[in-house]
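**Student:** As given, the protein sequences belong to chains A and B, one line each in that order. With full-length UniProt numbering, letter number 503 in the first sequence gets 503, and the count goes up by one each step, no holes. With full-length UniProt numbering, letter number 326 in the second sequence gets 326, and the count goes up by one each step, no holes. We put the beta carbon where it would ideally sit given N, CA and C, even for glycine. Note that the coordinates shown come from a computational prediction; the quantities given were computed from them, not determined experimentally. Before I ask anything, let me first share the structure, which is written out below as structure tokens.
2 protein chains.
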Amino acid sequence: MTLNHLVPRLAVAARKQDDRETKLKPFRNWRVHVDHGVLNVMPFLAKGLSDRDRVILRCDATALAEVVRKGVYTAVDVLTAFIKAAVAAQDTTNCLTEICFEDALERARELDEHMEKTGNVVGPLHGVPVSIKDHIKVKGLDTSTGYTAWAYNTVAEEDALVVKILRDAGAIIYVKTQNPQTLLSLETNNNVFGRTCNPFNRSLTAGGSSGGEGALIACGGSPLGVGTDIGGSVRVPAAHCGLYGLKGSVARLPHSGLLGSYDGLDAIIGCVGPMATSARDLALFCSVMLEAEPWLREPPLLEMPWKENVARGHGLPERLSIAILYDDGVVRPHPPILQALDMYKQALENAGHEVIKWDPLDHQKGWDLIVKLYLLDGGAEYHETIQAGGEWEVPQSKWILDHARGRRPYTPHEILRLNVEREAFRANALAHWNATKHRTATGRPVDAILCPVAPTLAPPHDSTSWWGYTSHWNLLDLPAVVFPVGQYSAPMWVPADLSPPRNAMEDFITRQWSPNTYDHAPISLQLVGRRLNEERLLAILGVIENVMPPADSVPFSRRFSHGTNGHYKATDG
Amino acid sequence: MTLNHLVPRLAVAARKQDDRETKLKPFRNWRVHVDHGVLNVMPFLAKGLSDRDRVILRCDATALAEVVRKGVYTAVDVLTAFIKAAVAAQDTTNCLTEICFEDALERARELDEHMEKTGNVVGPLHGVPVSIKDHIKVKGLDTSTGYTAWAYNTVAEEDALVVKILRDAGAIIYVKTQNPQTLLSLETNNNVFGRTCNPFNRSLTAGGSSGGEGALIACGGSPLGVGTDIGGSVRVPAAHCGLYGLKGSVARLPHSGLLGSYDGLDAIIGCVGPMATSARDLALFCSVMLEAEPWLREPPLLEMPWKENVARGHGLPERLSIAILYDDGVVRPHPPILQALDMYKQALENAGHEVIKWDPLDHQKGWDLIVKLYLLDGGAEYHETIQAGGEWEVPQSKWILDHARGRRPYTPHEILRLNVEREAFRANALAHWNATKHRTATGRPVDAILCPVAPTLAPPHDSTSWWGYTSHWNLLDLPAVVFPVGQYSAPMWVPADLSPPRNAMEDFITRQWSPNTYDHAPISLQLVGRRLNEERLLAILGVIENVMPPADSVPFSRRFSHGTNGHYKATDG
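What follows is the structure, given as structure tokens:
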């Protein structure tokens with residue numbers, strides 16, 4: 001055990017962790033030990049990797065599917081490389097929960113035999129390893145979801161729909177990843193497996209709630225992961241770990257077969273979303289999901305096939321109008337984020353695109369509303385599950401539950417009033433977006449909003465406290481994609497002036513800024529599109545990344561820029 | 001006043017009715033008086049009509065748009081004819097609420113001037129009169145919605161989105177129509193304006209809750225009406241009045257700007273839907289709505305343009321597989337309805353289509369669930385509004401409210417459990433539909449379900465008691481269209497054997513059967529399609545109506561068969 005100091009030792013937790021340890025034992029040759037004092041573990045992860053492994057790990061999922069299809073590498077070669085990296089990721093960041101490497105290797109051998117026999121792949125993800133967030137059901141594996149009460153009581157009898165479709169497409173499910181207690185957290189910590197660290201700087205959070213995916217993929221331990229997002233849970237870990245992550249519109253991607261508290265909540269609905277090392281992998285994931293016609297298997301899903309040509313830019317105007325949201329009016333982002341937005345503004349304008357400022361629409365009011373929708377019963381269901389497991393609230397659970405602590409459950413009448421408020425908020429925002437046509441040179445409303453993902457880079461553990469840059473788009477049900485734009489380096493930082501805080505929340509976050517705290521943290525941005533226009537959003541991201549590819553001088557970004565600069569276009573490998 | 005015996009005389013009701021009377025006065029030359037003892041008023045409605053009026057009133061909305069566009073008739077000609085018929089409809093069935101004939105005539109004159117000046121129409125509904133159900137906001141008019149408490153307190157400051165789009169397309173709004181107290185009723189009766197009768201037989205209900213539309217359109221007083229449906233409220237009055245009516249999938253058609261109880265309810269959501277005298281008019285309505293891109297004005301709406309070519313049959317297999325639902329397992333329909341289903345089975349098979357039996361999926365359980373979703377608070381909001389107006393529950397309000405009388409409001413936890421149950425019900429039904437592929441010769445799941453609209457033809461007032469044939473499809477969010485197939489004639493009826501009742505509800509409805517009760521009542525059927533496939537549903541209806549057009553020998557159906565047999569195909573006029 002390498003990370004005992006991060007892990008509570010409840011009896012059931014000890015058993016879960018021992019079980020995980022047992023599953024890792026056969027792969028002990030690939031284990032990595034890094035001193036606790038070392039914050040950035042990225043340089044240490046290559047131990048035990050062959051040259052072939054290194055080549056494989058530099059591929060995104062799109063490229064992996066291609067090299068396996070072309071017979072350059074076998075599915076076993078590919079999976080082996082990712083298992084090695086996953087073991088190293090676990091040893092350094094504590095990102096894994098359930099492990100099924102043996103079954104996965106067996107499946108890889110089957111896929112290789114199938115290729116050899118028939119000359120054909122079984123589907124577009126033939127031989128691509130895919131990791132799954134813990135609360136998404138994988139047949140035969142536990143779904144403890146960060147609750148001690150659920151550990152060993154939630155072995156899945158069947159796969160979630162997203163997992164089924166992945167398997168049918170040839171993907172190999174080999175590992176499940178950490179999520180926090182309650183899932184309603186933008187960090188990743190629970191009393192079953194403990195805390196997940198950011199591999200770029202272990203004093204910082206990997207983000208959450210899909211933080212296990214964030215750390216694992218950043219370490220090279222997975223090319224493509226499946227997360228979920230109801231307030232930022234795909235986007236924040238993607239941002240904090242320097243990855244691409246997509247939260248689509250509600251009901252576009254399969255969402256059945258998940259465990260979590262508040263099943264049946266209509267008032268605010270989460271989304272399954274992909275996390276990856278390239279934008280084109282996000283599109284690949286969506287395309288695989290929608291080609292399976294999931295609306296014939298999950299009633300709420302919309303019969304809206306993936307428009308590949310739109311995702312590739314068909315119909316996009318040559319000159320884009322992009323709105324930039326610098327400051328949501330509640331918490332001004334930390335200086336590196338503002339600097340990144342300015343860089344993109346310049347690059348977009350230099351390339352002939354139009355940039356206007358986005359006037360934020362009351363993010364505080366939006367937050368006050370969404371947190372009520374999250375906690376209609378005052379948090380009772382969370383409290384009950386935590387108590388049932390004989391555990392305690394981890395700090396980020398406490399932080400969110402404090403928003404409703406002691407409040408009685410809402411009545412049906414109160415719930416309906418909140419829904420009415422939500423609809424009015426959405427209608428207002430839609431009109432606001434439409435009205436940008438009066439401010440653009442093109443006379444069109446803006447094509448997308450470029451904005452921060454959070455007011456900070458990955459913050460120190462247990463300190464995340466403003467969701468308004470991500471939860472706002474859940475409240476509005478707008479698709480949003482996160483992409484890496486650089487890496488913060490403390491020694492190279494030129495101090496900037498900070499504005500005086502406007503409120504207690506901003507005061508807290510302003511005080512969080514210190515040039516040294518965030519050393520090596522990824523810098524990421526978010527692009528927000530029109531509802532149900534996921535394809536167009538990715539096409540716009542492609543344009544933006546063409547205008548300014550992630551800097552090659554930034555170490556971590558090499559993984560995202562092998563030939564395609566990570567943005568979405570046809571593979572040229 | 002012609003219908004005093006049907007109308008309560010609360011002070012506010014008296015004032016509303018007097019106001020309506022005042023608005024009708026300038027049109028007194030066209031008023032119709034029919035003895036109370038006369039049940040079928042249809043033969044008496046032509047009084048005061050010119051030959052031109054008669055030609056105009058035989059047109060459906062599609063044809064009206066065409067004759068106005070071509071200059072055959074002016075918008076004023078058209079509107080005048082419909083106002084005459086609307087006055088007669090009011091005098092005989094009590095179907096109107098708010099009247100704005102003068103403003104409408106002014107608008108018609110404007111439209112005619114516009115045509116004269118520019119040679120162009122303002123939109124696809126240029127000069128087509130459209131009637132609006134009372135609870136849908138029309139700027140400047142009251143929205144009393146069947147509640148005395150709301151009378152004079154709900155003058156709309158702006159149009160509902162559906163009304164805005166209609167006006168932009170050139171439609172003329174000239175009248176609002178009756179809906180029942182609570183809106184949650186399949187009949188139409190309230191303490192503001194009283195009861196609406198079925199023009200084919202005034203001892204029978206016109207259906208509800210869009211019963212004002214049903215009676216008005218059946219009388220020739222409107223070519224196209226806008227209703228709403230959360231349990232059958234478009235389809236039941238369409239059926240009972242021999243009309244076409246469409247309840248689409250949730251979020252396909254504009255639904256904002258409506259007044260009603262339980263605003264903000266997510267658990268079960270209603271739909272705006274058109275009522276008309278031809279299937280092609282339903283398609284015209286949808287096409288006008290979706291060409292306006294309403295998703296840019298109402299956030300919940302889906303960006304799903306109207307696929308005109310699909311509605312016209314593009315992509316439809318030559319041989320259809322249709323499932324017929326004869327009996328929902330709770331209440332066997334009355335003999336004329338079973339006979340109609342058998343006729344369609346024969347005709348479909350004779351035309352080379354496949355027909356299989358639809359095994360019903362627990363309509364009782366579905367009803368027990370949906371009625372809980374309607375009444376999450378035990379009905380408190382209805383009770384409060386009724387009490388606030390100093391009025392009483394009309395019998396059908398009492399009937400529905402009895403389902404939850406005295407029950408405490410559900411907690412958030414209970415609401416979520418109901419939602420989970422709803423989703424499981426939907427998933428089960430989707431799998432059930434998919435599984436029909438094992439029973440069809442084509443190997444495809446069935447294309448649509450043909451079924452009753454209700455277990456009875458339009459029943460005597462205050463006796464509607466089984467919603468399971470319509471509310472079932474609201475619970476599943478499947479699109480459903482109602483179409484007329486004939487007219488019941490008591491003297492021509494050959495008695496049929498009735499099965500022994502299986503439960504108290506069926507016992508009640510079996511006892512309701514008596515050949516003489518339903519004389520002249522329309523016979524209608526319902527066709528149910530796949531979610532969000534409104535276009536395909538109408539295309540299938542077109543095939544079915546080609547196989548068996550409404551009998552020309554049936555008096556009322558003449559209105560639906562002028563050249564196109566009412567089904568949806570390109571105009572050939």
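Can you tell me the Cα-Cα spacing of A:V67 and B:V162, whole angstroms?
**Tutor:** Counting from 1 along the first sequence, the entry for residue 67 of chain A is found at position 67. Counting from 1 along the second sequence, the entry for residue 162 of chain B is found at position 162. So the two alpha carbons sit approximately 53 Å from each other.
**Student:** For A:P274, which residues from the same chain have a beta carbon less than 6 Å from its beta carbon, with the 5 sequence-adjacent residues on both sides left out?
**Tutor:** Residue numbering aside, residue 274 of chain A sits at position 274 when the first sequence is read from its first letter. If we look at A:P274 and ignore the five residues flanking it on each side, its Cβ neighbours are L246, L282, F285.
**Student:** Do A:L450 and A:L341 have their C-beta atoms closer together than 8 Å?
**Tutor:** The residue labelled residue 450 of chain A in the question sits at position 450 within the first sequence. The residue labelled residue 341 of chain A in the question sits at position 341 within the first sequence. The answer is yes: Cβ separation under 8 Å.
**Student:** Answer yes or no: does any C-beta atom of chain A fall closer than 8 Å to that of B:D377?
**Tutor:** By one-based count along the second sequence, residue 377 of chain B stands at place 377. Yes, B:D377 counts as interfacial toward chain A.
**Student:** How would you label A:S321, buried or exposed, when you count the other beta carbons within 10 angstroms and need 16 or more for buried?
**Tutor:** Residue 321 of chain A sits at position 321 when you count from the first residue of the first sequence. That one is buried.
**Student:** Relative to the alpha-carbon of B:K23, which residue among B:V175, B:A206, B:P317 has its alpha-carbon at the smallest distance?
**Tutor:** As a first step, residue 23 of chain B must be located in the second sequence, where it is residue number 23. Nearest C-alpha to B:K23: B:V175.
**Student:** Apart from the five residues just before and just after B:H461, which ones in its own chain have a Cβ nearer than 6 Å to its Cβ?
**Tutor:** Numbered from 1 along the second sequence, position 461 holds the residue referred to as residue 461 of chain B. For B:H461, where only same-chain residues beyond five positions count, the Cβ hits under 6 Å are T205.
**Student:** So, using beta-carbon positions, are B:R195 and B:D60 closer together than 8 Å?
**Tutor:** The count along the second sequence starts at 1 and reaches residue 195 of chain B at position 195. The count along the second sequence starts at 1 and reaches residue 60 of chain B at position 60. Their beta carbons are not under 8 Å apart, which means B:R195 does not touch B:D60 by this criterion.
**Student:** For a cutoff of 8 Å on Cβ pairs, would you count A:Y262 as touching chain B?
**Tutor:** Stepping through the first sequence from its first residue, residue 262 of chain A is reached at position 262. Judged by the 8 Å Cβ criterion, A:Y262 is in contact with chain B.
**Student:** Is there a C-beta anywhere in chain B that falls below 8 Å from the one on A:D19?
**Tutor:** Residue mapping note: residue 19 of chain A aligns to position 19 of the first sequence, counting from 1. Chain B contact via Cβ: absent.
**Student:** Take every Cβ of the region 93-102 of chain B, pair it with every Cβ of the region 11-31 of chain B, and state whether three or more of those distances are shorter than 8 Å.
**Tutor:** Because the criterion of three Cβ pairs below 8 Å is met, the region 93-102 of chain B and the region 11-31 of chain B touch.
**Student:** Does chain A have any CB closer than 8 Å to the CB of B:L184?
**Tutor:** In the second sequence, counting from the first residue as 1, residue 184 of chain B sits at position 184. So no, B:L184 is outside the interface.
**Student:** Confirm, please, whether the CB-CB distance from B:M548 to B:Y326 is below 8 Å.
**Tutor:** Within the second sequence, the letter at position 326 stands for residue 326 of chain B. Within the second sequence, the letter at position 548 stands for residue 548 of chain B. It is not a contact, given that the beta carbons lie outside the stated cut-off.
**Student:** Only counting the same chain, and skipping five residues up and downstream in sequence, which positions put a Cβ closer than 7 Å to that of B:A85?
**Tutor:** Residue mapping note: residue 85 of chain B aligns to position 85 of the second sequence, counting from 1. If we look at B:A85 and ignore the five residues flanking it on each side, its Cβ neighbours are L45, L57, C219, G220, G221.
**Student:** Please report the straight-line C-alpha distance between A:N191 and A:I173, rounded to a whole angstrom.
**Tutor:** Taking the first sequence and counting its residues from 1, one reaches residue 191 of chain A at position 191. Taking the first sequence and counting its residues from 1, one reaches residue 173 of chain A at position 173. Cα-Cα distance, rounded: 25 Å.
**Student:** Is there a Cβ from chain B that is less than 8 Å from the Cβ of A:T510?
**Tutor:** Within the first sequence, the letter at position 510 stands for residue 510 of chain A. Not one chain B Cβ lies under 8 Å of A:T510.
**Student:** Whole beta strand (DSSP E) runs in the region 287-327 of chain A with 3 or more residues, listed along the chain?
**Tutor:** Taking only runs of at least 3 residues, the beta strand (DSSP E) segments lying wholly in the region 287-327 of chain A are 321-324.
**Student:** When DSSP builds the beta bridges, which residues end up paired with B:F483?
**Tutor:** For the purposes of this step, residue 483 of chain B is identified with residue 483 of the second sequence, where counting begins at 1. According to DSSP, B:F483 bridges with B:L525.
**Student:** Determine, using beta carbons only, whether B:E291 comes closer than 8 Å to chain A.
**Tutor:** By 1-based counting over the second sequence, the position of residue 291 of chain B is 291. No, its Cβ sits nowhere closer than 8 Å to a Cβ of chain A.
**Student:** Is it right to say A:A89 is buried, meaning 16 or more other beta carbons lie within 10 angstroms of its own, or is it exposed?
**Tutor:** Reading the first sequence from its first residue, position 89 is the one you call residue 89 of chain A. Looking at its Cβ environment, which holds 16 or more other Cβ atoms inside 10 Å, A:A89 is buried.
**Student:** Three-state secondary structure (DSSP) at A:P243?
**Tutor:** For the purposes of this step, residue 243 of chain A is taken as residue 243 along the first sequence, with counting starting at 1. Per the sequence shown, residue 243 of chain A should be read as Leu rather than Pro. Coil at A:L243, not helix or strand.
**Student:** For B:I324, collect the residues of the same chain with a Cβ closer than 8 Å to its Cβ; drop the 5 residues on either side in sequence, then sort them by chain order.
**Tutor:** Taking the first residue of the second sequence as 1, we reach residue 324 of chain B at position 324. Around B:I324: L341, Y344, K345, V355, I356, K357, W358, I449, L450, C451.
**Student:** Please check if any C-beta of chain C sits within less than 8 Å of the C-beta of A:T411.
**Tutor:** Protein chains in the displayed structure are A and B, and chain C is not among them.
**Student:** Classify A:E158 as buried or exposed, calling it buried when 16 or more other Cβ atoms lie within 10 Å of its own Cβ.
**Tutor:** Within the first sequence, the letter at position 158 stands for residue 158 of chain A. Under this definition A:E158 is an exposed residue.
**Student:** List the DSSP bridge partners of B:K133.
**Tutor:** The sequence position of residue 133 of chain B within the second sequence is 133, counting from 1. Bridge partners of B:K133: B:T177.
**Student:** Decide if A:M492 is buried, meaning its Cβ has at least 16 other Cβ atoms within 10 Å, or exposed.
**Tutor:** Your numbering for residue 492 of chain A matches position 492 in the first sequence. Result: exposed.
**Student:** Determine, using beta carbons only, whether A:H126 and A:R52 come nearer to each other than 8 Å.
**Tutor:** The count along the first sequence starts at 1 and reaches residue 126 of chain A at position 126. The count along the first sequence starts at 1 and reaches residue 52 of chain A at position 52. The answer is no: Cβ separation not under 8 Å.
**Student:** Going along the chain, which residues of the region 295-313 of chain B sit with their C-beta nearer than 8 Å to a C-beta in chain A?
**Tutor:** Flagged, chain order: W295, L296, R297, E298, P299, P300, L302, E303, M304.
**Student:** Against chain A, does B:Y568 count as a neighbour if the rule is that its beta carbon must be under 8 Å from one of theirs?
**Tutor:** Along the second sequence, read from residue 1 onward, the residue named residue 568 of chain B stands at position 568. Note that B:Y568 has pLDDT 29, beneath the 50 cutoff, so the model's placement of it is unreliable and the number below is only indicative. Chain A contact via Cβ: absent.
**Student:** Which same chain residues end up closer than 6 Å to A:E535 when comparing Cβ atoms and leaving out the 5 residues on each side of it in sequence?
**Tutor:** Residue numbering aside, residue 535 of chain A sits at position 535 when the first sequence is read from its first letter. Same-chain partners within the cutoff: K307, V310, A311.
**Student:** Under 6 Å Cβ to Cβ from B:G225, same chain only, skipping five residues before and after it: list those, please.
**Tutor:** Looking up residue 225 of chain B in the second sequence gives position 225. Cβ within range, chain order: S131, E213, I217, M275.
**Student:** Identify the contact partners of B:R426 in chain A, using a Cβ-Cβ distance below 7 Å as the criterion.
**Tutor:** By 1-based counting over the second sequence, the position of residue 426 of chain B is 426. Correct list: P299.
**Student:** Please classify A:G231 as buried or exposed, where buried requires at least 16 other C-beta atoms within 10 Å of its C-beta.
**Tutor:** In the first sequence, counting from the first residue as 1, residue 231 of chain A sits at position 231. It counts as buried.
**Student:** Could you check where the alpha helix (DSSP H) with B:L186 kicks off and where it finishes?
**Tutor:** Within the second sequence, numbered from 1, the residue matching residue 186 of chain B stands at position 186. Where B:L186 is concerned, there is no enclosing alpha helix (DSSP H), given that its DSSP letter is neither H nor E.
**Student:** Could you tell me which of A:P237, A:P336, A:S50 sits nearest to A:D497, measuring between CA atoms?
**Tutor:** Locating residue 497 of chain A in the first sequence gives position 497, counting from the first residue. Nearest C-alpha to A:D497: A:P336.
**Student:** Over the uninterrupted beta strand (DSSP E) stretch that includes B:K357, give me the two end residues.
**Tutor:** Stepping through the second sequence from its first residue, residue 357 of chain B is reached at position 357. Unbroken beta strand (DSSP E) run through B:K357: 354-357.
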